[in-house]
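S.K.:
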Amino acid sequence: MKETIKAKPLDKKKLARQIGKLAGSGAVFGLAAALVFGALAPGLLQRAIERKNDQEVQFQNGTEETEEEQEETQEDQEDTQQEQTTIIQEMTPEDYQTLYSDIFSTAQEAEKSVVTVNSRQNDQDWFQTPYESQISGLLVAESGQEYYILTEYRIVENVDRIEVTFCDGTTIDARFQKADSNTGFAIVKVEKSQVPAETQQAVAIAPLGESYNVKQGEPVLAIGSPMGYSDSVGYGIVTSTSNAVSRVDAQYGLITTDITGSSKGSGVIVNLDGEIIGIITQSFANEDTQNLITGLSVSDSRELIRTLSGNQDIIYMGVTGTNITAEISEKKGIPKGVFVEEVEVDSPAMQVGIQNGDVIIEINGETVETVKGYQQQLKACKAGETINVKAMRQGTEGYVEVSFEVTLKAK
1 MKETIKAKPL
11 DKKKLARQIG
21 KLAGSGAVFG
31 LAAALVFGAL
41 APGLLQRAIE
51 RKNDQEVQFQ
61 NGTEETEEEQ
71 EETQEDQEDT
81 QQEQTTIIQE
91 MTPEDYQTLY
101 SDIFSTAQEA
111 EKSVVTVNSR
121 QNDQDWFQTP
131 YESQISGLLV
141 AESGQEYYIL
151 TEYRIVENVD
161 RIEVTFCDGT
171 TIDARFQKAD
181 SNTGFAIVKV
191 EKSQVPAETQ
201 QAVAIAPLGE
211 SYNVKQGEPV
221 LAIGSPMGYS
231 DSVGYGIVTS
241 TSNAVSRVDA
251 QYGLITTDIT
261 GSSKGSGVIV
271 NLDGEIIGII
281 TQSFANEDTQ
291 NLITGLSVSD
301 SRELIRTLSG
311 NQDIIYMGVT
321 GTNITAEISE
331 KKGIPKGVFV
341 EEVEVDSPAM
351 QVGIQNGDVI
361 IEINGETVET
371 VKGYQQQLKA
381 CKAGETINVK
391 AMRQGTEGYV
401 EVSFEVTLKA
411 K
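Each residue of the sequence shown is one higher than the one before, starting from 1 at the first, in the UniProt record's numbering.
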């Protein structure tokens with residue numbers, strides 16, 4: 001008989017009690033720090049980068065969770081919060097020093113995946129200097145031959161030269177691969193043969209975590225260029241996860257924080273396990289929060305990142321929609337499904353007669369109730385494929401079912 005010794009699992013209730021002990025500190029600063037300190041208890045992220053064959057694009061495995069699992073996780077969190085016992089305990093200056101040292105260590109580890117993307121145009125300004133732009137990027141994948149870096153298209157669009165500076169300061173030429181007009185994301189790639197062995201040892205593929213169960217008050221870091229300049233770090237908490245932005249054939253959740261940054265900031269939002277949970281995109285922040293760091297949900301962006309890294313087609317139908325939930329349906333008398341807010345000009349959807357105000361309820365015989373469900377249906381299709389789309393359209397005597405044969409395109 002053999003005995004197997006397993007690692008002791010994380011005791012969530014014990015962790016909650018540890019957080020509670022710190023929560024009684026009189027100062028607000030002490031309370032916030034206590035929450036961060038408690039969250040650090042499980043330990044920092046340990047990475048392992050697995051390299052496979054030269055052709056396959058590899059991603060670091062972070063935590064992935066479905067929407068159904070998200071609901072179960074939230075219920076567990078609520079149970080834990082109810083069982084917390086608050087015990088007053090003061091923190092010493094040494095405690096704070098240790099706390100922030102540990103947090104900064106998390107930032108340093110995560111920064112192994114962060115790069116600086118520089119672009120240059122040969123056109124010159126009044127001082128005869130070429131136009132240059134700089135932004136943070138994220139090392140999201142690798143193959144045997146190349147590294148793939150996620151960045152913003154506005155920096156690498158129609159430029160003459162792209163350079164990537166890795167965490168150890170090494171700068172290598174990069175090439176543009178593919179972009180997405182919805183998010184403004186782009187992928188550039190670097191030949192591994194041009195990257196010194198020491199740099200390859202120093203960098204790490206970003207662990208893309210999950211953001212479906214990120215909650216208000218959770219401590220997070222902003223790294224990259226959140227303040228508008230490279231190698232900056234911000235600390236704070238999540239203030240909102242309930243907002244989302246609708247784009248053509250897609251919808252993305254937003255993570256808003258109380259971290260002050262630049263309206264032109266870039267980089268990523270990181271949890272205290274060192275996982276990337278948000279891609280900083282200040283262009284999606286509303287006017288009132290332009291100086292507060294906002295990011296697109298990694299869970300909602302993960303498939304797009306994989307598509308861009310693999311240089312695959314982005315399937316295009318041309319509809320911007322919003323969810324009609326059961327509650328809205330009952331109150332407004334609108335059928336459940338995806339309400340069409342806008343149809344792009346000359347899109348496949350417009351060409352077959354889909355109109356603003358239609359409610360998409362089915363694709364190829366599969367019920368569609370949310371924009372995310374609509375996205376998943378399109379992802380399963382190929383460019384040039386003709387799909388059957390059923391929708392409800394309001395007429396003089398109420399809603400009637402209409403059907404369309406849509407031939408999808410790639411973009």
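Positions of the beta carbon are idealized from the N, C-alpha and C atoms, including for glycine.
Every value quoted in this text rests on a predicted model; they were computed, and no experiment measured them.
Can you give the Cα-Cα distance for alanine 202 and serine 143, rounded to whole angstroms?
M.R.: Counting from 1 along the sequence shown, the entry for residue 202 is found at position 202. Counting from 1 along the sequence shown, the entry for residue 143 is found at position 143. Going from the Cα of alanine 202 to the Cα of serine 143 covers about 17 Å.
S.K.: State yes or no: is the C-beta of lysine 411 within less than 8 Å of the C-beta of isoleucine 314?
M.R.: The residue given as residue 411 occupies position 411 in the sequence shown. The residue given as residue 314 occupies position 314 in the sequence shown. Contact: yes.
S.K.: Counting Cβ pairs closer than 8 Å, one from the stretch 252-263 and one from the stretch 105-117, do we hit at least three?
M.R.: Result no; under three Cβ-Cβ pairs closer than 8 Å.
S.K.: Who are the Cβ neighbours of valine 233 in its own chain at under 6 Å, not counting the five residues just before and after it?
M.R.: Within the sequence shown, numbered from 1, the residue matching residue 233 stands at position 233. Correct list, in chain order: Ala107, Ile223.
S.K.: I need the straight-line Cα distance from arginine 51 to leucine 208, nearest angstrom please.
M.R.: Indexing the sequence shown from 1 puts residue 51 at position 51. Indexing the sequence shown from 1 puts residue 208 at position 208. In this prediction, arginine 51 has a pLDDT of 46, which is less than 50 and means its spatial position is unreliable; nothing more can be read from the coordinates.
S.K.: Assign proline 93 to one of two classes, buried (16 or more other C-beta atoms within 10 Å of its C-beta) or exposed (fewer than that).
M.R.: Counting from 1 along the sequence shown, the entry for residue 93 is found at position 93. Counting Cβ neighbours within 10 Å, proline 93 comes out exposed, since fewer than 16 surround it.
S.K.: Where does threonine 170 sit, in a helix, a strand or coil, going by DSSP?
M.R.: Here residue 170 is taken as the residue at index 170 of the sequence shown, counted from 1. In the structure shown, threonine 170 sits in coil (DSSP, three-state: anything other than H, G, I, E or B).
S.K.: Thinking glycine 345 and aspartate 358 are a contact (beta carbons under 8 Å), I'd like their distance in whole angstroms, please.
M.R.: Translated into positions along the sequence shown, residue 345 becomes position 345. Translated into positions along the sequence shown, residue 358 becomes position 358. Inspection of the sequence shows that residue 345 is occupied by valine rather than by glycine. With 8 Å as the limit, valine 345 and aspartate 358 do not qualify as a contact, their Cβ atoms being about 16 Å apart.
S.K.: Suppose you measure from the CA of leucine 408 to the CA of valine 368; what does that come to, to the nearest Å?
M.R.: To locate residue 408, count along the sequence shown from 1; it is residue 408. To locate residue 368, count along the sequence shown from 1; it is residue 368. Cα-Cα distance, rounded: 17 Å.
S.K.: Candidates Tyr374, Val164, Ile361, Leu378: which alpha carbon is nearest serine 113's?
M.R.: The sequence position of residue 113 within the sequence shown is 113, counting from 1. Cα-wise, what sits closest to serine 113 is Val164.
S.K.: Could you give the first and the last residue of the continuous beta strand (DSSP E) run that contains glutamine 251?
M.R.: By 1-based counting over the sequence shown, the position of residue 251 is 251. Its beta strand (DSSP E) spans residues 250-260.
S.K.: Which runs of the beta strand (DSSP E) fall wholly inside the stretch 347-389 and span at least 3 residues, in chain order?
M.R.: As far as the stretch 347-389 is concerned, its whole beta strand (DSSP E) runs of at least 3 residues are 359-363.
S.K.: Using alpha carbons as the reference points, say which of Glu405, Gln394, Arg393 lies closest to glycine 384.
M.R.: Looking up residue 384 in the sequence shown gives position 384. Per the Cα distances, Glu405.
S.K.: Roughly how many whole angstroms lie between the Cα atoms of glycine 398 and asparagine 118?
M.R.: As a working mapping, residue 398 is identified with position 398 in the sequence shown. As a working mapping, residue 118 is identified with position 118 in the sequence shown. Roughly 56 Å separates the two Cα atoms.
S.K.: Please state whether the Cβ-Cβ distance between valine 343 and asparagine 356 is less than 8 Å.
M.R.: Numbered from 1 along the sequence shown, position 343 holds the residue referred to as residue 343. Numbered from 1 along the sequence shown, position 356 holds the residue referred to as residue 356. Yes. Within cutoff.
S.K.: Quick one: is alanine 174 buried, meaning 16 or more other Cβ sit within 10 Å of its Cβ, or exposed?
M.R.: Taking the sequence shown and counting its residues from 1, one reaches residue 174 at position 174. Buried is the call here.
S.K.: Suppose contacts are defined by Cβ-Cβ distances below 8 Å. Is serine 283 in contact with serine 225 by that definition?
M.R.: For the purposes of this step, residue 283 is identified with residue 283 of the sequence shown, where counting begins at 1. For the purposes of this step, residue 225 is identified with residue 225 of the sequence shown, where counting begins at 1. No, Cβ-Cβ distance for serine 283 and serine 225 is not below 8 Å.
S.K.: Output yes or no for whether 8 Å exceeds the beta carbon distance between valine 298 and isoleucine 280.
M.R.: Mapped onto the sequence shown, residue 298 falls at position 298. Mapped onto the sequence shown, residue 280 falls at position 280. Cβ atoms of valine 298 and isoleucine 280: not closer than 8 Å.
S.K.: Give me, in chain order, the residues of the same chain whose beta-carbon lies closer than 6 Å to that of glutamine 394; leave out the 5 immediate sequence neighbours on both sides.
M.R.: By 1-based counting over the sequence shown, the position of residue 394 is 394. For glutamine 394, where only same-chain residues beyond five positions count, there are no Cβ hits under 6 Å.
S.K.: Report the rounded CA-to-CA distance for asparagine 182 versus threonine 320, giving the unit in angstroms.
M.R.: Your numbering for residue 182 matches position 182 in the sequence shown. Your numbering for residue 320 matches position 320 in the sequence shown. Between asparagine 182 and threonine 320, the C-alpha separation is close to 11 Å.
S.K.: Pull up the distance between the alpha-carbon of glutamine 375 and that of glutamate 362, whole angstroms please.
M.R.: The residue labelled residue 375 in the question sits at position 375 within the sequence shown. The residue labelled residue 362 in the question sits at position 362 within the sequence shown. Taking the straight line joining both Cα atoms gives about 12 Å.
S.K.: Determine the DSSP secondary structure at glutamate 327, reduced to helix, strand or coil.
M.R.: The residue you call residue 327 lines up with position 327 of the sequence shown. Correct three-state label for glutamate 327: helix.
S.K.: Measure from the alpha carbon of phenylalanine 176 to the alpha carbon of each residue in Gly236, Glu210, Gln216, Arg120, then state which is nearest.
M.R.: To locate residue 176, count along the sequence shown from 1; it is residue 176. For the residues Gly236, Glu210, Gln216, Arg120, the minimum Cα distance to phenylalanine 176 belongs to Arg120.
S.K.: How should glutamine 97 be labelled, buried or exposed, when 16 other C-beta atoms within 10 angstroms of its C-beta is the threshold for buried?
M.R.: Here residue 97 is taken as the residue at index 97 of the sequence shown, counted from 1. The residue in question, glutamine 97, is exposed, as its Cβ has fewer than 16 Cβ neighbours within 10 Å.
S.K.: Provide the residue span of the beta strand (DSSP E) that contains valine 298, from first to last.
M.R.: Residue 298 sits at position 298 when you count from the first residue of the sequence shown. Careful: valine 298 lies outside any beta strand (DSSP E), inside the alpha helix (DSSP H) at 298-309.
S.K.: Using the Cβ count rule (16 or more neighbours within 10 Å means buried), how would you classify proline 196?
M.R.: Within the sequence shown, residue 196 is the residue found at index 196, counting from 1. So proline 196 ends up on the exposed side.
S.K.: Assign leucine 264 to one of three DSSP states: helix, strand, or coil.
M.R.: The count along the sequence shown starts at 1 and reaches residue 264 at position 264. Per the sequence shown, residue 264 should be read as lysine rather than leucine. Coil.
S.K.: Out of Ile155, Met317, Ala186, Glu56, which has the shortest C-alpha to C-alpha gap to lysine 382?
M.R.: The sequence position of residue 382 within the sequence shown is 382, counting from 1. Comparing Cα positions, the closest option is Met317.
S.K.: Residue ranges of each beta strand (DSSP E) run of no fewer than 3 residues wholly in the stretch 209-247, ordered along the chain?
M.R.: Those beta strand (DSSP E) runs which fall completely within the stretch 209-247 and span 3+ residues are 219-225, 232-240, 244-247.
S.K.: Any idea if arginine 400 is buried or exposed, counting beta-carbon neighbours within 10 angstroms, 16 or more meaning buried?
M.R.: Taking the sequence shown and counting its residues from 1, one reaches residue 400 at position 400. The question names arginine, but residue 400 in the sequence shown is valine. Exposed, because fewer than 16 other Cβ atoms sit within 10 Å of the Cβ of valine 400.
S.K.: Under a three-way DSSP split, which group does lysine 332 fall into?
M.R.: On the sequence shown, position 332 is the one that residue 332 refers to. Note: lysine 332 maps to helix in three-state DSSP.
S.K.: Run through DSSP, which three-state label would glutamate 405 get?
M.R.: Here residue 405 corresponds to residue number 405 of the sequence shown, with the count starting at 1. If DSSP states are grouped into helix, strand and coil, glutamate 405 belongs with the strands.
S.K.: With a threshold of 7 Å on Cβ separation, who are the neighbours of alanine 349 within its own chain once the five nearest residues in sequence on each side are excluded?
M.R.: Position 349 of the sequence shown, counting from 1, holds the residue named residue 349. Excluding positions up to five away in sequence, the list reads Met317, Gly318, Val319, Val343, Val406.
S.K.: Spatial neighbours of lysine 372 within its chain, please: C-beta separation below 7 Å, excluding the five flanking residues on both sides.
M.R.: By 1-based counting over the sequence shown, the position of residue 372 is 372. So the qualifying residues of the chain are Gln251.
S.K.: Return the CA-CA distance between lysine 264 and arginine 154, expressed in angstroms with no decimal places.
M.R.: Taking the sequence shown and counting its residues from 1, the one referred to as residue 264 is at position 264. Taking the sequence shown and counting its residues from 1, the one referred to as residue 154 is at position 154. Their backbone Cα atoms lie some 11 Å apart in a straight line.
S.K.: Starting from the C-beta of threonine 151, find all residues in its chain whose C-beta is less than 7 Å away, skip the five residues before and the five after it, and write them out in chain order.
M.R.: Reading the sequence shown from its first residue, position 151 is the one you call residue 151. Closer than 7 Å at the Cβ level, and outside the excluded window around threonine 151, lie Val117, Ile135, Gly137, Ala186, Val188.
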